[in-house]
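Beneath this line is the structure, given in structure tokens, with notes to follow.
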Amino acid sequence: MKAAAFAYARATSVGNALQLLETYGERAKVLSGGQSLMPAMNLRLVSPELIVDIGELAELRGISVSGGVVRIGALSRHVDLLKSPDIAEHAPLLAEAIAHVAHPAIRNRGTIGGNLAHADPASELPACMVALKATIVVRGPAGERRVAAENFFTGIYETDLSARELLISVELPMAGKNSAHFFHEFARRRGDYAMAGLAAQAIVEEGAFTDLRLVFFAVGDRPVLAKVGSGLLGRAVTPAELATASSALGKELDPQDDQQASASMRRHLAKVLLARGLSALLGRPDLHAGVRA
Amino acid sequence: MTVTSSNPEILSELDRPNSYIGKVVPRPNLGRLMQGRGLYVSDMELPRMGHVVFLRSPHAHANIRGIDAVAARGVPGVIAIVTGKELSAIITPWVGVLSHLKGLKSAAQHAIAIDRVCWQGEAVAAIVAVSRAVAEDAAELVRVDYEELEAVTDMRTALDPATPVIHPSLGDNLAFERNLDAGEVDAAFAGSDVVVEADFIFGRHTGVTLEPRSVVADWNTAEERLTIYQGTQAPHMVQNIAALHLGLEELQVRVVCKDVGGSFGIKVHIYADEMATYALSKLLRRPIKFVADRVESFNTDIHARDHRCWGRIGVGRDGVITAFEIDDLTGIGPYSMYPRTSAIEANQVVNLVGGPYVTRNYRARARVVFQNKNVMCQYRAVGHPIACSVTEGLVDLAAARIGMDPVEIRRRNLIADNAYPCASPSGLRFELLSHHAAMNKLMTMMNYDALRAEQAELRSKGIHRGIGIASFIEVTNPSAAFYGVGGARISSQDGVAVRLDAQGSVICQTSITEQGQGSESLTAQIVGSVLGVSMERVRVILGDTDNTPYGGGTWASRGAGIGGEAALQAAKILRGNILDVAAAILQSSAAELDIADNAIVNAADGASRMELRELARIVYFRPDTLPPGVQSELMATRHFVPREYPFAFTNGVQASWLEVDTDTGFVKLLRHWVVEDCGTLINPQLVDEQIRGGVVQGFGAALFEKCIYDERGQLTNASMADYLVPMSGEMPDIEVGHVVSPTSETELGAKGAGEAGTAGAAAAVANAVNDALRPFGAVITEIPLTPQLVLTALGRV
Chain A
0 MKAAAFAYAR ATSVGNALQL LETYGERAKV LSGGQSLMPA MNLRLVSPEL IVDIGELAEL
60 RGISVSGGVV RIGALSRHVD LLKSPDIAEH APLLAEAIAH VAHPAIRNRG TIGGNLAHAD
120 PASELPACMV ALKATIVVRG PAGERRVAAE NFFTGIYETD LSARELLISV ELPMAGKNSA
180 HFFHEFARRR GDYAMAGLAA QAIVEEGAFT DLRLVFFAVG DRPVLAKVGS GLLGRAVTPA
240 ELATASSALG KELDPQDDQQ ASASMRRHLA KVLLARGLSA LLGRPDLHAG VRA
Chain B
0 MTVTSSNPEI LSELDRPNSY IGKVVPRPNL GRLMQGRGLY VSDMELPRMG HVVFLRSPHA
60 HANIRGIDAV AARGVPGVIA IVTGKELSAI ITPWVGVLSH LKGLKSAAQH AIAIDRVCWQ
120 GEAVAAIVAV SRAVAEDAAE LVRVDYEELE AVTDMRTALD PATPVIHPSL GDNLAFERNL
180 DAGEVDAAFA GSDVVVEADF IFGRHTGVTL EPRSVVADWN TAEERLTIYQ GTQAPHMVQN
240 IAALHLGLEE LQVRVVCKDV GGSFGIKVHI YADEMATYAL SKLLRRPIKF VADRVESFNT
300 DIHARDHRCW GRIGVGRDGV ITAFEIDDLT GIGPYSMYPR TSAIEANQVV NLVGGPYVTR
360 NYRARARVVF QNKNVMCQYR AVGHPIACSV TEGLVDLAAA RIGMDPVEIR RRNLIADNAY
420 PCASPSGLRF ELLSHHAAMN KLMTMMNYDA LRAEQAELRS KGIHRGIGIA SFIEVTNPSA
480 AFYGVGGARI SSQDGVAVRL DAQGSVICQT SITEQGQGSE SLTAQIVGSV LGVSMERVRV
540 ILGDTDNTPY GGGTWASRGA GIGGEAALQA AKILRGNILD VAAAILQSSA AELDIADNAI
600 VNAADGASRM ELRELARIVY FRPDTLPPGV QSELMATRHF VPREYPFAFT NGVQASWLEV
660 DTDTGFVKLL RHWVVEDCGT LINPQLVDEQ IRGGVVQGFG AALFEKCIYD ERGQLTNASM
720 ADYLVPMSGE MPDIEVGHVV SPTSETELGA KGAGEAGTAG AAAAVANAVN DALRPFGAVI
780 TEIPLTPQLV LTALGRV
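Chains A and B, in that order, give the protein sequences.
Numbering follows numbering that gives the first Met the number 0, with no gaps: position 42 of the first sequence is 41.
Numbering follows numbering that gives the first Met the number 0, with no gaps: position 247 of the second sequence is 246.
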């Protein structure tokens with residue numbers, strides 16, 4: 000289990016990294032935390048000609064807050080997010096989700112940029128980005144572009160990012176007044192990829208949703224922003240409405256079978272998450288208890 | 000005599016000033032391991048060492064039509080590329096059968112496949128290069144022309160006439176069958192008030208050692224001698240087999256086993272790739288290193304379990320069990336493993352079902368079939384988890400049917416504590432067990448009645464918790480009855496040599512081995528205790544066929560009971576010899592003297608007479624001052640093997656308390672209790688941790704671990720991400736209690752404890768899940784108990 004031989008370059012600046020990516024294109028891979036790339040290389044699932052190590056690029060680090068926006072540099076490690084008071088205050092959904100990402104050893108090295116660029120559909124962070132209406136900032140030969148998280152993830156391990164671009168940062172709007180969030184996932188063991196998960200961000204006013212983003216993960220080829228959320232706005236949700244939403248969610252999702260769970264099991268778990276999520280967001284135990292998914 | 004106490008201290012005549020037996024003392028190898036100074040095979044670098052990578056079959060069953068290694072040979076750094084045919088000139092094939100397992104058959108297995116591969120992962124060529132990375136590069140360039148054959152993967156159809164026979168020369172795919180019929184089974188079932196039956200299904204899983212299998216083989220042409228550095232549980236067995244198949248005398252093979260990162264039975268077998276590594280060293284006349292990577296480990300480390308066992312039980316309304324019957328089927332891969340064979344687990348299932356209970360009526364059939372999957376063999380608690388899950392699952396089903404508490408039905412059927420010695424229907428002889436004392440202790444530890452009340456209260460709130468009980472027996476301290484009588488050259492005796500060195504310290508060489516159990520510690524504890532020498536002055540040497548007595552090693556829960564007794568007896572002889580010479584020096588008599596705190600003392604008042612250091616100085620450097628005719632003998636060797644009982648059976652009972660989320664199918668383990676009786680406890684902490692580790696492996700089987708093969712015989716989850724080992728996050732607190740019934744076959748009185756945890760944990764968990772699901776009418780008799788399985792049983796998906 001040794002990687003095939005590869006060339007290695009430690010990028011000295013974002014410009015330098017982009018130059019290398021421009022030259023090598025698909026034959027290069029960006030090394031950030033290496034938590035997905037290195038195992039894949041050791042298993043010889045990928046054998047890049049060049050590794051562009053961006054670990055030294057200070058401009059990609061740091062978490063800052065200004066103008067109602069939380070900016071997270073691509074090289075911020077999971078542990079940085081976990082410990083950041085800014086994230087805890089302004090993006091508590093992310094703070095909660097990050098604790099579910101793998102294990103401390105992996106969180107100490109893995110980065111948010113690497114995670115998002117890798118785009119594992121069972122990963123927590125892409126779902127959080129969609130729920131939080133994040134903007135993904137990327138830079139390439141043609142300069143910088145900003146992509147809404149909803150449009151960034153395009154398939155299993157596929158994103159809008161080209162081989163010649165680098166993910167620079169993500170920007171999240173600060174959680175506003177009356178915002179509420181819910182995060183839960185079902186994984187066989189703590190730290191495993193989920194069989195189904197839900198990252199939800201909402202605004203709740205007088206017991207009703209005025210905004211609700213329910214993003215399911217591990218139930219499709221990318222994070223799924225459930226359409227049923229929009230039907231639950233502006234009024235008190237009844238158990239009957241939840242049942243209707245649950246059934247609609249089942250139709251909306253198209254999960255795959257795998258060793259951990261069949262498609263029907265994933266669909267079922269998503270419905271359980273919907274009931275538990277809505278119940279928690281609204282503080283309504285009756286919804287949780289009243290629905291047998 | 001059976002002693003029950005929450006914290007057994009120690010025993011009678013061994014309770015001396017330097018008594019370490021029964022005490023929690025730190026293991027002597029802790030510092031070395033904690034400071035990273037352990038020496039594992041993969042740490043070793045020898046001059047001119049080559050690294051071997053095995054090119055492995057991607058097919059479960061295929062003919063090899065040709066191997067083209069021309070391009071690979073051209074890779075800079077490649078030393079040799081060797082096929083099975085080339086290697087067969089160096090090493091002979093083997094057949095994994097034992098004569099006492101009547102009818103067991105298997106086919107000849109080569110170190111590297113020659114014409115045909117029989118499982119995905121079988122080696123087809125060896126690539127030897129200056130580094131593992133170079134060898135892997137070259138391996139990608141080797142072209143093998145395969146002709147894919149139909150793979151036999153489902154054990155249920157392996158014996159059908161339409162299924163291809165994997166080894167045509169054997170006639171069919173049946174490796175072994177055993178039938179047992181004891182008592183009056185048909186009459187007993189006919190006379191039962193209730194008969195309950197079920198199919199129990201056990202997933203195939205494996206041991207997942209932290210350190211993978213690793214070998215450095217070093218053929219020294221000048222000495223005509225092969226040194227094998229290997230993490231193995233049985234160095235002398237490896238020596239014998241390497242010599243046998245390489246055409247050498249055992250004298251020409253030395254096996255050195257330094258630190259080992261976990262074994263669990265995985266490292267007690269002879270693997271084809273390890274045999275190939277020995278042969279490559281001889282062929283290429285240089286040291287060769289093989290370290291399995293994780294993917295290879297999953298594909299080639301022995302797998303275990305994978306049983307489908309139908310069982311039924313008869314009971315009266317009074318809860319008395321009238322009979323057991325089982326029909327067990329297991330698939331073992333394409334070859335019976337060498338030299339211990341792959342029939343032992345099924346054989347153990349037949350032996351052990353119903354073992355804790357009184358009924359004499361028992362019928363069993365076990366069939367072992369070949370498949371095109373990885374080889375299967377003995378893994379921690381061989382057969383016990385199957386037998387325990389079937390027995391205890393049936394007992395719980397019967398209890399539920401007649402409306403009796405699971406503890407009560409066991410109390411009515413467990414063999415009485417004063418009924419020993421006695422034997423099981425399958426002929427197992429029990430010297431002294433303590434089922435009822437263990438159950439009583441368990442009830443106190445877990446506060447059973449309060450827990451039942453809590454369960455009922457939570458049930459009314461929609462929280463579904465379950466209690467599962469599993470009584471078990473465990474085979475330990477095996478005599479020659481296990482392997483020797485079947486013709487295997489696997490020693491059942493162990494030897495220990497102890498000597499007083501020139502500064503009064505003790506060097507102790509033992510044939511048992513250490514893979515983390517604490518063999519080194521228990522040996523030093525026993526020797527120090529008997530000699531009256533402090534433990535830090537006892538150095539234990541193990542794992543070297545040149546430098547230890549001949550013996551079996553550490554497996555089947557035998558190290559403490561057999562190797563420990565040899566250590567005790569050797570130390571007693573040395574103690575006598577020391578006292579004899581002390582008497583001569585001190586003009587006293589041996590009876591008037593004793594040894595304590597590293598000194599000769601008066602037996603009567605304990606007054607110090609002479610430091611052992613001083614005694615050793617005189618003996619080794621001034622023997623001229625000893626009285627005429629006194630020749631001291633400060634080295635003693637003793638061997639031990641049980642003769643009275645083929646196995647020292649132990650017993651115990653486990654209980655699980657868990658919660659089932661009936662919406663998601665997730666099982667959360669809340670608490671777990673074990674009461675076991677391994678006789679004398681040498682180091683209670685080591686015993687407790689062995690039990691806990693064993694329980695955790697049982698949890699793995701119960702909830703997580705499964706080698707998932709597809710219908711074409713492809714192992715689809717050969718990685719640590721996809722094969723789920725139990726992790727600390729999901730583990731409950733595990734409380735361990737003891738009942739102590741020493742075996743009278745040894746002075747030490749110790750029986751084995753290494754497998755008790757694994758034997759009963761899965762049964763307790765499965766019973767607890769079914770207890771939690773009882774209001775839903777769902778019964779699950781399959782492990783691992785995945786959320787998918789639970790939800791399916793509940794009709795939710």
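Beta carbons: idealized from backbone N, C-alpha and C, even for Gly.
Every value quoted in this text rests on a predicted model; they were computed, and no experiment measured them.
How many Å lie between residue i and residue j at the Cα?
i: A/L30; j: A/E157; result: 17 Å
i: B/P739; j: B/C677; result: The sequence shown places Val at residue 739 of chain B, not Pro. The alpha-carbon atoms of B/V739 and B/C677 are separated by roughly 7 Å.
i: B/T226; j: B/A122; result: 23 Å
i: B/V686; j: B/F481; result: 24 Å
i: B/R253; j: B/G558; result: 21 Å
i: B/G315; j: B/T785; result: 34 Å
i: B/D709; j: B/I265; result: 23 Å
i: B/V754; j: B/E519; result: Correcting the residue identity first, residue 754 of chain B is Glu in this sequence and not Val. In a straight line, the C-alpha of B/E754 is about 19 Å away from that of B/E519.
i: B/V24; j: A/A186; result: 39 Å
i: B/A469; j: B/D198; result: 18 Å
i: A/R283; j: A/G206; result: 9 Å
i: A/L20; j: A/S178; result: 40 Å
i: A/V223; j: A/A279; result: 20 Å
i: B/N371; j: B/P333; result: 5 Å
i: A/A162; j: A/A8; result: 16 Å
Identify the contact partners of residue i in chain A, using a Cβ-Cβ distance below 8 Å as the criterion.
i: B/M802; result: Not covered by the structure: residue 802 of chain B. The range shown for chain B is 0 to 796.
i: B/L790; result: M264 and H267
Could you work out which residues of chain B lie near residue i, taking near to mean beta carbons separated by less than 8 Å?
i: A/F299; result: A question about residue 299 of chain A goes unanswered here, because the residues of chain A that appear run from 0 up to 292.
i: A/S295; result: Beyond the ends of chain A as shown, which are 0 and 292, falls residue 295 of chain A; an answer cannot be given.
So what's residue i in DSSP terms, helix, strand or just coil?
i: B/I812; result: Lying outside 0 to 796, the shown extent of chain B, residue 812 of chain B is not represented and no answer is given.
i: B/F665; result: coil
i: A/Q259; result: coil
i: B/R155; result: helix
i: A/T158; result: strand
i: B/F199; result: strand
i: B/N350; result: helix
i: B/D770; result: helix
i: A/H287; result: helix
i: B/L685; result: helix
i: A/A186; result: coil
So residue i contacts chain B; which residues on that side make the cut at Cβ distance below 9 Å?
i: A/A3; result: A132, E135, D136 and E139
So with CB distances below 7 Å, who are the chain B contacts of residue i?
i: A/M0; result: D292, R293 and V294
i: A/Q258; result: I707, T715, N716 and D721
Give the interface partners of residue i over in chain A, defined as CB-CB distance under 9 Å, in chain order.
i: B/F703; result: R187 and R188
For a minimum of 4 consecutive residues, which ranges assigned as the alpha helix (DSSP H) are wholly contained in the stretch 409-486 of chain B? 434-445 and 447-458
(request) Entirely within the stretch 207-238 of chain A and at least 3 residues each: give me those beta strand (DSSP E) ranges in chain order. (result) 207-216
- Message: If the cut-off is 7 Å on Cβ atoms, which residues from the stretch 705-729 of chain B count as contacting chain A, listed in chain order?
- Response: I707, T715, N716, D721, L723, M726, G728 and E729
Which runs of the beta strand (DSSP E) fall wholly inside the stretch 230-273 of chain B and span at least 3 residues, in chain order? 252-255
Exercise. Quick one, which residues of the stretch 288-302 of chain B are near chain A if we go by CB-CB under 9 Å, in chain order?
Worked result: D292, R293, V294 and E295
Members of the stretch 133-156 of chain B that neighbour chain A once the beta carbon cut-off is set at 7 Å | E135 and D136
Would you mind listing the beta strand (DSSP E) stretches within the stretch 1-54 of chain A that are 3+ residues and don't spill past its ends, in chain order?
6-9, 27-30 and 49-52
Q: Check each residue of the stretch 269-287 of chain A: if its Cβ is closer than 7 Å to any Cβ of chain B, include it; give the result in chain order.
A: V271
| What are the uninterrupted segments assigned as beta strand (DSSP E) that are 3 or more residues long and contained completely in the stretch 489-529 of chain B, given in chain order? | 493-499 and 505-509
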